[in-house]
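See structure below.
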Amino acid sequence: MKDRKVLPVVAAAVLFGSVSALAGDLKVIANPSVQADSITVADLRSIFLEDKKSLNSSRVEPVLARSGTAHEAFLKEYVGKSDSELRTYYRTLVFTGASAMPKFLDSDADIVTYVAKTKGAIGYVDSDLPTEGVKVLSVTRAKGSVERKLVTRTEPEYPVSLRVLRIGGTVRLMLTVSPQGSVQEVDVLGGNPILAESAAKAVKQWVYAAGPSNTKLEVSLSFDPLR
Amino acid sequence: MLRRFFGLASMFFLAGQITLQSQEFKLFDRTVQFHGFASQGFIYTDQNNWLTMHSSKGSGAFTDFGGNVSVQITDKFRVGAQVYDRNLGNLGEWHPTLDWAFADYRFKTWFGIRGGKVKTVLGLYNDTQDLDFLHAFALLPQSVYPTDLRDTSIGHLGGDFYGTISPKPRLGAISYTAYAGHENDNIYSGFTYVSSAYGVNRPHYTGLQYGGDLRWNTPLHGLLIGVSRRNEYSGSKSTFRNPLVSPLTLPYSTETYPLWTNQFYAEYERGRLQIDSEYRRYLYHLVVNRNLLATTVNVHSWYVAGAYRVSKRFTVGSYYSRYAVRRMSTGPIAGLFPDQTDTSLPANHIYDKVISARVDLNSFWNAKVEGHFMDGYGASTFPNGFYPQLNPLGYKPNTNALVLKTSVNF
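Quick note, the sequences are listed as chains W and S, same order. Using this note's numbering, read the first sequence as starting at 22 and increasing by one per residue. Using this note's numbering, read the second sequence as starting at 4 and increasing by one per residue.
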């Protein structure tokens, strides 16, 4: 039976799922001059951390939003820094001469306009926004893989015996998602075996958006006995 | 002075008006960016005068500013330059310097080169120590980043190899820097200033410098660990006049070999919390006028710092910093400089407990208030904040300091 106290207890897992859902509501856009139709998360991170200035031999330039839910989700999902951490990082680069300050714009519409007219520009906007004049890049976790949007998520049950003993932790799982969006296979990569069993049981009920082929996805679920 | 005040006031006003977007213009179809920063501080100490200021009466001689211009020529090639000026008590004295000016070619993420006047990578903050707006604290731990001795390690005229290697994302990423060049100490620095207390006329220390830095962004998100090493061979030529040695003005020359720094560091950032710790070992052997005086200085220093971002605009922090110096001399005039070997004595250490608060008034303007509670004064021919010229009646064992600082950047 699902314990009502599971909801606050697995808040970290919910947060992860929420951010993933928000990241799934984003789209990464690029100027047509960019020689790519997809981009890996690693390359996207390198570009926005000013570590990489080209993609498939074409020059690229990151464009960011000043604020907003999409901005926060993009940073958390793909860059791994908060807004203030990223601004501090950029200032360190600028004032040591390592790089330029990227462009920050006020709205998604401004980002689309700028990306459309600026050679090499790459940005991110809400997935519902019209993106005339730019190309949409699909984001992949690794070369050849495809990002899948999570449509339905079931919360895992927190085993009572472990919660009482205040045993928590993070479980890492590798999912195989079918083209229809169902989770066909779950492999445990790490974590407490009892928590992993509960997590695996829940993720088998997850449903993803349809995709071109089977997709391998790594997910992490956190169990916090104090929440 | 009045012009500098209006210049600084204008910079503060300008920063209040500019939003966070690049200040830029087009030149031959390339975007040229320019940025600037400025800070103004005030220090009051209850006992000894500190950092070459008359701080026991309260001093605002704590100002710096800089500006840079840079352009990305191609996706791999970048050029830029930054000018820096400061006045810290009796140091700097408003003599602007070329902070950095280099050309940078990044062949691959794992290999790039830069050449020109380059900031030296040493520990977590050597190359960013002047950029007040990047740090939670008004003064970085002086045991490792002495602001009065900034010029001895801030940069070199030469070249760097650098890059980031990440063979497997699950192993993290390793960044490296290797450099070599010519070091040219500013004659308005602390080491030159303390030399003048012994009758030496502004010696200009220059020499070969080389070293490297290796840092690992570990698989544990937010944890960075690293090590830096710096070697230097420096010398100087000047004159000196000390009645205890001779009534005449004599030539003065030094050779410093070996001179090296080892620095180990770690940083952990998780959410709103940041914890830093560094250990530095600094050793040099200096010979004056071919063994008239030979001095070996051995410094061990470390700190542990924590900062917590309470809200978007408010950060609190604290650190504990320890500095200990041992100095031994030989030669005909060594008797003028008694050995310093007992680090339990206040003259041979500085233990600093610090609490600090930072308020970000907007994205470009911040203000800080900080308290320092120092045990010891570490007075030596190798200074660390306390100078005989500003404390002619001798030193008190402890010093408490209030530091106020505000800075802007755009």
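Ideal placement from N, C-alpha and C gives every residue a C-beta, glycine not left out.
Contacts that residue i makes with chain W (C-beta to C-beta distance below 8 Å)
i, result
"S/H352", "By Cβ distance, chain W contributes nothing, its closest Cβ being about 32 Å from S/H352, past 8 Å."
"S/K79", "K74 and S75"
"S/L217", "In chain order: nothing, as chain W lies at least about 17 Å away."
"S/F136", "R112"
Exposed unless 16 or more other CB atoms sit within 10 angstroms - verdict on residue i
i, result
"W/M195", "exposed"
"W/A44", "Residue placement at W/A44 is flagged as unreliable, the pLDDT there being 46, under the threshold of 50; the coordinate-derived value follows with that caveat. Buried is the call here."
"S/F376", "exposed"
"W/K73", "buried"
"S/L393", "buried"
"S/T252", "exposed"
"S/P222", "exposed"
"S/F31", "exposed"
"W/Q226", "exposed"
"W/N77", "exposed"
"S/W275", "What sits at residue 275 of chain S in the sequence shown is Arg, not Trp. Exposed: under 16 other Cβ atoms inside 10 Å."
"W/P214", "exposed"
"S/S314", "exposed"
"W/Y136", "In the sequence as presented, Tyr is not what sits at residue 136 of chain W; that position holds Val. W/V136 is buried by the Cβ-count criterion."
"S/D163", "buried"
"W/K124", "buried"
"W/R187", "exposed"
"S/S410", "buried"
DSSP-derived helix/strand/coil call for residue i
i, result
"S/G44", "strand"
"W/I50", "strand"
"W/F116", "helix"
"S/V270", "For the sequence presented, residue 270 of chain S should be read as Glu rather than Val. Correct three-state label for S/E270: strand."
"S/I177", "strand"
"S/T195", "helix"
"W/V27", "Model confidence at W/V27 stands at a pLDDT of 41, short of 50, so the residue's coordinates are unreliable and nothing is read from them."
"W/L107", "helix"
"S/H138", "coil"
"W/G141", "coil"
"W/T197", "strand"
"S/N52", "coil"
"S/T131", "helix"
"S/K60", "helix"
"S/K399", "coil"
"W/H92", "helix"
"S/G210", "strand"
Neighbour list for residue i in chain S, Cβ cutoff strictly below 7 Å
i, result
"W/V115", "H38"
"W/A63", "P172"
"W/T173", "Within chain S, no residue comes near W/T173; the closest Cβ sits about 28 Å away, beyond 7 Å."
Same chain only: Cβ atoms within 6 Å of residue i, ignoring 5 sequence neighbours per side
i, result
"S/L262", "E235 and Y287"
"S/R273", "G225"
"S/T264", "R233 and Y285"
"S/N204", "S241 and T242"
"W/S159", "S59"
"S/Y165", "G115 and T180"
"S/S62", "I46 and M56"
"S/V419", "Because chain S in this structure spans residues 4 to 413, residue 419 of chain S falls outside the shown range and cannot be described."
Any non-hydrogen atom of the ligand GDP within 7 Å of residue i CB
i, result
"S/F37", "The model depicted lacks the ligand GDP and carries no ligand whatsoever."
Partners in chain S for residue i, counting only beta-carbon separations shorter than 8 Å
i, result
"W/K237", "Within 8 Å Cβ-Cβ: nothing; W/K237 doesn't reach chain S, min ~15 Å."
"W/R80", "T77 and D78"
"W/S67", "T112"
"W/G212", "The premise fails here: W/G212 is roughly 15 Å from chain S at the closest Cβ pair, so nothing lies under 8 Å."
"W/T191", "The contacting residues do not exist; W/T191 stays about 11 Å from chain S at best."
Beta-carbon neighbours of residue i, restricted to chain W and to distances below 7 Å
i, result
"S/Q75", "A121"
"S/T167", "D72"
Close beta carbons around residue i, own chain, < 7 Å, minus the five adjacent residues each side
i, result
"W/K102", "L96 and Y110"
"S/L143", "Y128 and Q132"
Cβ neighbours of residue i in the same chain (closer than 8 Å, five flanking residues each side left out)
i, result
"S/P206", "I190, T195, S198, S239, K240, S241, Y255 and T257"
"S/A200", "Y390, P391 and Q392"
Proximal chain S residues relative to residue i, where beta-carbon distance stays under 9 Å
i, result
"W/T152", "By Cβ distance, chain S contributes nothing, its closest Cβ being about 22 Å from W/T152, past 9 Å."
Note to self: Whether or not the region 137-156 of chain W and the region 63-71 of chain S are in contact is what I'm after, with contact meaning three or more pairs of Cβ atoms, one per stretch, closer than 8 Å; do they touch?
What the structure shows: Touching, no.
Check: Is the region 209-218 of chain S touching the region 244-252 of chain S, taking contact as three or more C-beta pairs under 8 Å?
Finding: no
Check: Are three or more beta carbon pairs between the region 359-377 of chain S and the region 316-329 of chain S nearer than 8 Å?
Finding: yes
Margin query: Can you confirm whether the region 114-132 of chain W touches the region 169-182 of chain W when touching is taken to mean that 3 or more C-beta pairs between the two stretches lie within less than 8 Å?
Written below: no
Check: At a cut of 8 Å, does the region 36-52 of chain S reach the region 174-183 of chain S through at least three beta carbon pairs?
Finding: Segments in contact, no.
Next item on the list: Kindly confirm or deny that the region 187-197 of chain S and the region 169-176 of chain S touch, where touching means at least three C-beta pairs closer than 8 Å.
Entry: no
Item checked: Touching by the beta-carbon criterion (3+ pairs, under 8 Å), the region 80-87 of chain S and the region 105-112 of chain S -> yes
Notebook entry, point to check: Is the number of C-beta pairs between the region 120-134 of chain W and the region 116-131 of chain S that are closer than 8 Å three or more?
Noted result: no
Next item on the list: Please confirm if the region 191-208 of chain W is in contact with the region 219-232 of chain W, defined as three or more CB-CB distances below 8 Å between the two stretches.
Entry: Three or more Cβ pairs drawn from the region 191-208 of chain W and the region 219-232 of chain W lie within less than 8 Å of each other, which places the two stretches in contact.
Check: Counting Cβ pairs closer than 8 Å, one from the region 80-91 of chain W and one from the region 188-206 of chain S, do we hit at least three?
Finding: no
Check: Does the region 324-338 of chain S touch the region 296-314 of chain S, meaning 3 or more C-beta pairs lie closer than 8 Å?
Finding: Yes, the region 296-314 of chain S is in contact with the region 324-338 of chain S.
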